[in-house]
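Chemist: Following this message is one structure expressed as C-alpha cells.
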Amino acid sequence: MIAGVDGFMYPNEVELQWSVLIVLYPYITGLVAGAFILASLERVFKVEAVRPTYRLALLTALAFLLVAPLPLQLHLGHPERSFEMYLTPHRSSAMAMFGFVYLWYLTVVLLLEIWLEFRADIVRLSQTTTGLTKIVYRALTLGSQNVSPAARALDDKVGFAITVIGIPSAFLLHGYVGFIFGSIKANPWWSTPLMPIVFLFSAMVSGIAVVMLLYMAAMKVKRRPIDMNCVDTIAKYLFYTFVIDFTLEMLDLIHRTYEADESFRSLDFMVHTRLMVSQIIVQIVLGTLIPLALLAMNQLWTFAEKTRRLMYAVAGGLTMIGIFAMRWNVVIGGQLFSKSFLGYTSYKLDLVTREGLLPAIALMLLPFAIFFVLIKLLPPWAEEPTH
Amino acid sequence: MRRLFHEWGHLIRPALVLLAAMGAFLVVRAAVIPKEFGKYGHFRPGALDLVRSHPIHYAGQDTCVMCHDDQAKLRASGKHAHVACEACHGPLAKHADDPSAVKPKLPDVANLCRRCHEKDASKPKGFPQVATVEHSGGVVCNSCHQPHNPHL
Amino acid sequence: MDISRRDLFITGGKILMVASVGATLEQITGAEPAPDKYKMADHWWGMIIDVGKCIGCGNCVRACSNENDVPEGYFRTWVERYQVAEGEENLRVDSPKGAIDGFPPSSNEALKSFFIPKLCNHCVDSPCVQVCPVGATFDSPDGVVMVDESYCLGCRYCVQACPYGCRYLHPEKNTVDKCTLCYHRITQGLTTACCENCPTGARQLVDFKNPKDPVHEFLRQNKVQVLKPYMATKAKVYYKDLDGSVR
C-alpha cells in the first residue's frame, strides 16, 4: 500500500507534478489582467467614477506582473534553461507563448502606459529632487523633458490607444493560461473549452477586488477620505463580473453532472472527499456565495457608508481567497485523481522546500512589497489634476 | 492630425529602447541557439546521439550464444528455448566484453523459478505453474530440474 | 548634445543589425555529420503485446530498470494486474512497485484476472510532444518519442499531457524521463531490454517498415487494440486480447 493513495494510480501518477507554485502563477497573472481591466474601465469606457483608482490599478498590475515569472522559475527543474523558450519556442505549445506574451504585455502595454501616464510627474520630480533620487527620475524620463500641452495631449491619445490594445492583450496574458489547462485532453478535469473563459472572468473578479481593497487600505493609511462613489461603482462592476463568473462555473458543473461521462463518477467522488474543504466550503460557499450575497444586497438596498465599506472589505477579502481556492482546485484537483479513474492520491505540501509553503507565502507577499515601493516612486495621488 | 503629432520627439525614446533590446536579443539568440536545431523536426539533432550514447547493460542472447554453445544447444531443445540467457542470469554485457575479468553470479534459484512458475489465478491457464510448497516440499528447484532444459 | 546622442542611437542600431544578421548566417551554414550505418528512414518502430502470454513475472520491469538506470520508485515500464468481477465497481487493479518484484498471490474469487504490461506508446500524434514549449521532447523520424535531457526545462507539461502516465521527472537530473524504446539498443540491431528478457514472448519489438517483421501477420490474424483509442494519439503499441476493463 502506498502512503496517501486510495485505489489504483498509474505508478508514475502518485507524485504530483505541479505544486502550489503553479497554483500561484495563474492567480498572480489573473490579478494583473483584472487590475488592468479595471483601469481600462475608466480610460476606454469612460466610467468616470472609478478615476481615483486608475493609477493605482496600473501600479498594482505592474507589481504583480514583475512577480509572475518567479513561481515558474522556482518550479522548473532547470530554470537556467528557461531562456530556451525564447530561442526555440514550439509553436504548437501554449506554454511557449508565455515568454512573448509576457514581454509584450510588460513592455508595450504596462510599462509604456505607466510611463505615458506618469511622465509629467517624472519630469517634475527629476527637476525637484536631488541626489540618487534625481538620477533615478532622470533615467525614467528617457532623456526627454518635454511636457508641453501638445506633448501631453499626444501622450493622452497614445495612452488611450495602448489601453485599447491592452484589453485583448490582458485577455491573452491570462486566457492562454486557461488554455494551457483546457487543451489537455488527457485530463478530464481540465479539458473543456470553457477553461480560458472561466479563468479570465475569475481573474477579472480577483483583480477588481484587489484594486478595491488596495484603494480602501491606501486611503485609510494616508488618512484621506474614501471616494464612496468610486468604491460603489467598483463594487457594482465586481458584482456583474462575479455573476458571469459564477454562471460559467455552474454551467461547467451542470454540464458535467448531466452528461456523466466516464470521468464523472471519479471526479464527483474526488470533489466530495478530497476537495470538500477547498472547493465546497472555501471556493463556493465562502469565496462565491457569501461575497455575491453581500454585493447583491448593495444593489437592492442602500446601507450606511461605514456598513458598505465593511461589506465591501469582507466581500473583497473572501473573493480573493475564493479565487485562489479556484486555482487550487483546478491545478491540484486535476492531479489528485488517477487517469485510470480507479484511484486518488494526496498532495504533500512541504514547508521549506523549493516548492513549499514558505516560498509560496513569500511570493504572495512580494507583490505588495513591490507595490509599496512603486507608489513611493510614482505617487498615484497627483496634487493637481493631470487630465 | 499634424497638430497632434507636432511634438512627438519624446515617443522616439521608448521605441528606440525597445528596438535596441530586440536587436540585442537577436544577436544573443544567434550565438546560443543549438546548432542545426530543427533539422529533423522541432528538436536538437544532437539529442538522438545523446540517447544512443547510453551504455548497454544486457548483451543479448545472440552474444551469449557465441561462446556458450553447449548451454544454447541444450536450451534450444527444451521448453526454455525462448527464454533469454540474461532473463535469469541478469545483465551481462560487461562479462561479454571481458569474460575473464567479470564473473557472473549464479542466480538465486528458489526465488527465480518461483517468480514465473508459482501457481497464480491471474496467470494464463496453459502456462506451467505449481504450488511450490506442495510440489517440492521446500526442495530447491534445480535438484530435479536442469534450468536450461527443465522438462523431466 | 542632442544631435550626437541621436547619431549614437542610429550608428549603434546599424551595428547591432549587421551583427545579428551575420551571426544568424553563420549558424545556417553548418558542418556535415559523420556517416552512420543505421538509417532512420528505414525504420518505423512499435511494439506488440500478447496479453494472453503475460505471466506477471516483472522481468521486463527489472530489465528496463537495469538497462536504463531507472531511479527507484519511477517506472519507464510497469505491469498492472486486473482482477475483474461482475459489476464495474468490483474491478481491482494493482501494480505493486510497478511489478518490479512480481505480484503477491492473486485472489481466486475473481471472474477473470490477467496482467497488462504498459509502457510509452510512442504515439504518432503524441500529445506530449505537442505541448513541449521548447522542443525537448520529440518524435524521431523512425517513430520513437524521446526526451533531450540536456535541453529539457523540467516544466512537466508533457507529464500532464500524457494520457497513459508513462512519464516522470527524474529526481536527480530534474528533467523528464520515459521509455526510449531502448533506442541505444535498437539502433545497433539489438532488441529492447524488456523484450529481450520477457520469458514468454508476450512483448515483442516490431519494425513496421520491415516487410518480414511478424507485426504484419500479428495485426492481420488477431483482434488488436491500443490503449485509450478515443484519445486519437495513434499509439504504436498494439495489444492482442485487450479486455474492455483495461484502463
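Residue numbers (the working numbering), protein chains in the order written: chain A, 1 to 387; chain B, 1001 to 1152; chain C, 2001 to 2247. Glycine included, C-beta positions come from ideal geometry on N, C-alpha and C.
1) Assign K2053 of chain C to one of two classes, buried (16 or more other C-beta atoms within 10 Å of its C-beta) or exposed (fewer than that).
2) Could you spell out where the beta strand (DSSP E) holding D2138 of chain C opens and where it closes?
3) Counting only beta-carbon atoms, is F160 of chain A nearer than 9 Å to chain B?
4) Using a Cβ-Cβ cutoff of less than 7 Å, which residues in the same chain neighbour W18 of chain A once the five nearest sequence positions on both sides are dropped?
5) Please list, in chain order, the chain A residues whose beta carbon lies closer than 7 Å to that of H1010 of chain B.
6) Measure the C-alpha to C-alpha separation of E2196 of chain C and K1039 of chain B and round it to an integer number of angstroms.
7) Assign Y54 of chain A to one of two classes, buried (16 or more other C-beta atoms within 10 Å of its C-beta) or exposed (fewer than that).
8) Could you have a look at D2050 of chain C and say whether DSSP puts it in helix, strand or coil?
9) Anyone know if the C-beta pair for V2246 of chain C and I2049 of chain C falls short of 9 Å?
10) With 16 as the cutoff for other CB atoms within 10 Å, does W301 of chain A come out buried or exposed?
11) For T107 of chain A, which residues in chain B fall below 7 Å Cβ to Cβ?
12) Which ranges does the alpha helix (DSSP H) cover as unbroken runs of at least 4 residues, wholly within the segment 349-386 of chain A, from first to last along the chain?
13) Distance, Cα to Cα, I167 of chain A vs V109 of chain A?
14) Three-state secondary structure (DSSP) at I280 of chain A?
15) Let me make sure I understand the geometry here. Which of C:V2145, C:I2055, C:G2135, C:C2194 has the alpha-carbon closest to that of P1036 of chain B?
16) Whose C-beta lies closer than 6 Å to the C-beta of D245 of chain A among residues of the same chain, with five residues either side of it excluded?
17) Assign K2118 of chain C to buried or exposed, taking buried as 16 or more other Cβ atoms, counted over all protein chains shown, within 10 Å of its Cβ.
18) In whole angstroms, what separates the C-alpha of G2073 of chain C from that of M2146 of chain C?
19) Cβ closer than 9 Å: which chain C residues qualify as neighbours of C1113 of chain B?
20) May I ask you to report which of helix, strand or coil DSSP gives Q73 of chain A?
21) Name the chain C residues whose beta carbon is nearer than 9 Å to that of Y312 of chain A?
22) Give the DSSP bridge partners of Y2238 of chain C, in chain order.
23) What span of residues does the alpha helix (DSSP H) with T133 of chain A cover, start to end?
24) Along the chain, where does the alpha helix (DSSP H) that runs through F64 of chain A open and close?
25) Classify F372 of chain A as buried or exposed, calling it buried when 16 or more other Cβ atoms lie within 10 Å of its own Cβ.
26) Rounding to the nearest angstrom, what Cα-Cα distance links I2186 of chain C and D1108 of chain B in this structure?
27) Might you give, ordered along the chain, the residues of its own chain that have their beta carbon closer than 7 Å to the beta carbon of D1975 of chain C, omitting 5 neighbours on each side?
28) What span of residues does the beta strand (DSSP E) with P2117 of chain C cover, start to end?
29) State the DSSP-derived secondary structure class of T302 of chain A, mapped to helix, strand or coil.
30) Do I226 of chain A and L38 of chain A have their beta-carbon atoms positioned less than 9 Å apart in this structure?
31) List the residues of chain A that R2156 of chain C touches, going by C-beta distances under 7 Å, in chain order.
32) For H90 of chain A, which residues in chain B fall below 7 Å Cβ to Cβ?
33) List the residues that DSSP assigns as beta-bridge partners of T1961 of chain C.
34) Could you pull out every unbroken alpha helix (DSSP H) segment of at least 4 residues lying fully inside the segment 1031-1102 of chain B, listed in chain order?
35) Does DSSP put F2103 of chain C in a helix, in a strand, or in coil?
36) Can you tell me where the alpha helix (DSSP H) with L238 of chain A in it begins and where it stops?
Modeler: Well, looking at it:
1) buried
2) The amino acid at residue 2138 of chain C is misidentified as Asp; the sequence shows Phe. First-last of the beta strand (DSSP E) with F2138 of chain C: 2137-2139.
3) no
4) V331, Q335
5) S144, N146, A151
6) 32 Å
7) buried
8) strand
9) no
10) exposed
11) L1018
12) 357-377
13) 9 Å
14) helix
15) Note that residue 1036 of chain B is Glu in the sequence shown, not Pro. For E1036 of chain B, the nearest C-alpha among the options comes from C:G2135.
16) F201, S202, V205
17) buried
18) 20 Å
19) Within 9 Å Cβ-Cβ: nothing; C1113 of chain B doesn't reach chain C, min ~10 Å.
20) helix
21) Simply none; closest approach about 38 Å.
22) C:I2048
23) 131-140
24) 54-67
25) exposed
26) 30 Å
27) With chain C covering 2001 to 2247 only, the question about residue 1975 of chain C has no answer from this structure.
28) 2112-2119
29) coil
30) no
31) Q17, W18
32) H1042
33) Nothing about residue 1961 of chain C can be read from this structure; chain C reaches only from 2001 to 2247.
34) 1046-1052, 1061-1067, 1069-1076, 1085-1089, 1093-1097
35) coil
36) 228-259
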